[in-house]
Amino acid sequence: MPTSVLLLRAASKDAPDKYESSFVAAGYVPTSIPVLETNLTNIEELVGILSDTSTGFSGVILTSARACEAWKNAIRWCALPFYVVGKSTASALRELDGAPKDIRGEDSGNAEQLARHILNDTRQISGKLLYLTGDKNRDTLPNILTSNNLILHQLQVYETRGSARFATDLADVLSKGTDDNDLCWIVYFAPSAAEFVTPVLNLHFNFADSEEDPSQKRRQARVAAIGPTTRDFLRDTLKLHVHAVASKPTPDGLVSAIKGHDGIDSVAA
Numbered sequence: 001m002p003t004s005v006l007l008l009r010a011a012s013k014d015a016p017d018k019y020e021s022s023f024v025a026a027g028y029v030p031t032s033i034p035v036l037e038t039n040l041t042n043i044e045e046l047v048g049i050l051s052d053t054s055t056g057f058s059g060v061i062l063t064s065a066r067a068c069e070a071w072k073n074a075i076r077w078c079a080l081p082f083y084v085v086g087k088s089t090a091s092a093l094r095e096l097d098g099a100p101k102d103i104r105g106e107d108s109g110n111a112e113q114l115a116r117h118i119l120n121d122t123r124q125i126s127g128k129l130l131y132l133t134g135d136k137n138r139d140t141l142p143n144i145l146t147s148n149n150l151i152l153h154q155l156q157v158y159e160t161r162g163s164a165r166f167a168t169d170l171a172d173v174l175s176k177g178t179d180d181n182d183l184c185w186i187v188y189f190a191p192s193a194a195e196f197v198t199p200v201l202n203l204h205f206n207f208a209d210s211e212e213d214p215s216q217k218r219r220q221a222r223v224a225a226i227g228p229t230t231r232d233f234l235r236d237t238l239k240l241h242v243h244a245v246a247s248k249p250t251p252d253g254l255v256s257a258i259k260g261h262d263g264i265d266s267v268a269a
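Counting from 1, one number per residue, gives the positions in the sequence shown under the UniProt record's numbering.
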């Protein structure tokens, strides 16, 4: 029987979802469950910054689709270069009405790579950079930029919290799923989500490698992480055994890691 995979993230609005499609092609049964919800913050302050022609910004940095949404609520267009982490953020920005025409860095896979990309553009940067963040951003990107004498103005434009529907959505998915004794892969995509959902998951899954008393009626779980940062949080903070880590934060990289643990020939990462 095909193994189930629980993807702890919202499925892409553009069907088909790339993660789900990759797992289906590999013979798994994937399900995506949204685990976080966001609220926009400080939009009036952002409008004020963008309305003030004396601010002297030379570029804008966005590392998430939510930051793009905040930008949409503040202004319709801008001639400044926009620096983004990865193709998903670039895609979210391009979908906005009046989207910026100069979008850079979409081939960067993480904050450190984006920071290096921005530093390579230093000759074109004469002023400070506007960095639109959430409430759980790491210090990697600002530390690299400021240590190289770039001036950064950080503004939090959204905050993240656990989805109020997660427990209900999870129970609904499991009620339609396979037998309680079947193995299930659980894939974590971010530390912030992991901290919120794991207590709920513990009610339904056994995360220990040893099988438990069948009377507990919890499914046996295997844990996968999208990258080393999430892996370290799961291992060091939540004390979970992480069985597979994607070599790259991509659908193929994730599928390859899980197939490798399952003893199946890997797909190209």
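Yeah, the Cβ is synthetic: ideal placement off N, Cα and C, and Gly gets one too.
If you check the CB distance, valine 197 and leucine 8 come in under 8 Å. For the pair cysteine 68 and leucine 36, the CB atoms are not nearer than the 8 Å cut-off. For a cut-off of 8 Å, the C-beta gap from phenylalanine 207 to alanine 221 is around 5 Å, short enough to register as a contact. For a cut-off of 8 Å, the C-beta gap from isoleucine 61 to tyrosine 131 is around 4 Å, short enough to register as a contact. Check the Cα spacing between lysine 136 and each of Thr38, Asp17, Met1, Asp14: the tightest is with Thr38.
Cβ neighbours of alanine 90 within its own chain (closer than 6 Å, five residues either side excluded): Val84, Ile103, Glu106.
Taken through DSSP and simplified to helix, strand or coil, glycine 162 comes out as strand.
Annotation: the continuous alpha helix (DSSP H) that includes alanine 193 extends over 191-201. Arginine 165 is classed as exposed because its beta carbon has fewer than 16 other beta carbons within 10 Å across all chains shown.
Closest in C-alpha terms to aspartate 97, from the list Leu80, Ser88, Lys72, Leu114, comes Lys72.
Per DSSP, glycine 59 is one residue of the beta strand (DSSP E) stretching across 57-62. By the neighbour-count criterion, in which 16 or more other beta carbons inside 10 Å mark a residue as buried, serine 51 falls on the exposed side. Annotation for leucine 80: Gly59, Val60 place their beta carbon closer than 6 Å to its own, counting only its chain and skipping 5 residues before and after.
For secondary structure counted as the beta strand (DSSP E) over 3 or more consecutive residues, the region 87-162 holds these complete runs in sequence order: 128-133, 152-156, 158-162. Note that the C-beta distance between alanine 246 and isoleucine 226 is below 8 Å. As summarised for the region 213-239, the continuous alpha helix (DSSP H) elements at least 4 residues long and confined to that stretch are 228-236, given in chain order. Under the three-state reduction of DSSP output, phenylalanine 207 falls in the coil class, being neither helix nor strand. As DSSP reads the structure, serine 4 sits in a beta bridge with Val29, Cys184. Rounded to whole angstroms, the separation of the alpha carbons of alanine 167 and valine 24 is 25 Å.
When rounded, the separation of the alpha-carbon atoms in alanine 11 and valine 242 is 23 Å. The beta carbon of isoleucine 43 lies closer than 8 Å to those of Ala70, Asn73, Ala74, Val157 in the same chain, with the five residues before and after it left out. For valine 84, the enclosing beta strand (DSSP E) stretches over residues 82-84. For the options Val5, Tyr19, Ile118, the alpha carbon positioned closest to that of lysine 248 is the one of Tyr19. Taking serine 192 as the centre and dropping the five residues before and after it, the same chain places the C-beta of Leu36, Lys136, Thr160 closer than 8 Å to its C-beta, in chain order. Here valine 5 is near tyrosine 28, since their CB atoms are less than 8 Å apart.
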